[in-house]
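**Q** Input: one structure, supplied below.
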Ligand SMILES: Cc1ncc(COP(=O)(O)O)c(C=O)c1O
């Protein structure tokens, strides 16, 4: 297998912890958590693992500026802004939405990290990245586009190596459950499970897309990731396990299920999950446990992908504290 150049950013391995109180409260299987909310870069999260490989590539290309895109409360953008600073680079973020009167939570952190923000009211998935790249070249910069969500094969490689890391932590899991969206996390995990022979079932709880779409792009991405890593394997859509029953009121809309999940994780384990991604995945996990989807003897790993800064966005705060 090839060794890919890496720019070290993350505190690895991230801790692996049991969740005895939550397991007991739900009366379900043994639940554990993998703490990628603690990857260590500006409040952590899953994008840090991807950025280690993307940043190494940007440096090899001689770039001086990272450009990426996301939603107004994008965790990916916050971590990219911090990664750019660690590498002495400028960062331009293309954020979907209107410029808020008072930047809060992740947007506040983006500004604190010195990122330049371009607001695009109707788009949050990088539709304007090529235009922004040309403009930055015109003013003399050498830009590098970090793909939406960091979800190219290079970014996904970070999660293939995360599976190897989990294997070294020597606890065997029957299931890995987590939030899936742009697919780099899941594509990387599926690639890693194949490359390092780890046979847990890898179940993405979709945050914002139909299951068949996620299966389609994640299977392709997983294949390209194994190829990049020097041991090409092709995956079928049915190799990608996705549940889209928890899309609720749509992207970033916190409903009763997410709210209950955030409160249960906080009250039983002192763990902070977020209203957009990990709270939705946690709500899915809780519902699946209650429905008896898992065998009582299963060991189930909730892979915490970060996102907790969004808890400080005002709209969510008031709602989370109300009864
Ligand atoms: C906290 C959090 N969890 C999960 C995800 C989804 O990861 P991916 O885009 O790799 O599917 C994101 C993506 O933005 C995220 O910010």
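Numbering (my numbering), first residue to last: 820 to 1142. Glycine residues also receive a C-beta, built at the ideal position from the N, C-alpha and C atoms.
1. Tell me, to the nearest whole angstrom, how far the beta carbon of residue 884 is from that of residue 960; I am working on the premise that it is less than 8 Å.
2. Would you kindly report the start and end of the unbroken beta strand (DSSP E) that includes residue 962?
3. Can you tell me the Cα-Cα spacing of residue 1140 and residue 958, whole angstroms?
4. Ligand 1 and residue 998: does the residue's C-beta get closer than 8 Å to at least one heavy atom of that ligand?
5. Going residue by residue through the segment 1053-1125, where are the continuous beta strand (DSSP E) segments of at least 3 residues, counting only ones entirely within it?
6. Helix, strand or coil, according to DSSP, for residue 866 in the structure here?
7. Hey, quick one: how far does the alpha helix (DSSP H) through residue 895 stretch, first residue to last?
8. In three-state DSSP terms, what is residue 1040?
9. Between which residues of its own chain and residue 874 is the CB-CB distance below 6 Å, once the five residues before and five after are set aside?
10. In whole angstroms, give me the CA-to-CA distance for residue 1114 and residue 1061.
11. Would you mind sorting residue 820 into buried or exposed? The rule is 16 or more other CB atoms within 10 Å of its CB.
12. Helix, strand or coil for residue 891? Go by DSSP, reduced to three states.
13. Answer yes if the segment 943-958 comes into contact with the segment 922-931, meaning at least three C-beta pairs across the two stretches below 8 Å, and no otherwise.
14. Just the Cα atoms here: how many angstroms apart are residue 1015 and residue 988?
15. Buried or exposed for residue 931, going by 16 or more other Cβ atoms inside 10 Å?
16. Going straight from the alpha carbon of residue 1044 to that of residue 978, what length do you get?
17. Could you say if the segment 860-877 and the segment 1016-1031 meet the contact criterion of at least three C-beta pairs nearer than 8 Å?
**A** The structure says:
1. 5 Å
2. 962-964
3. 47 Å
4. yes
5. 1060-1062, 1118-1123
6. helix
7. 894-905
8. helix
9. 826, 902, 906
10. 18 Å
11. exposed
12. coil
13. no
14. 13 Å
15. exposed
16. 10 Å
17. no
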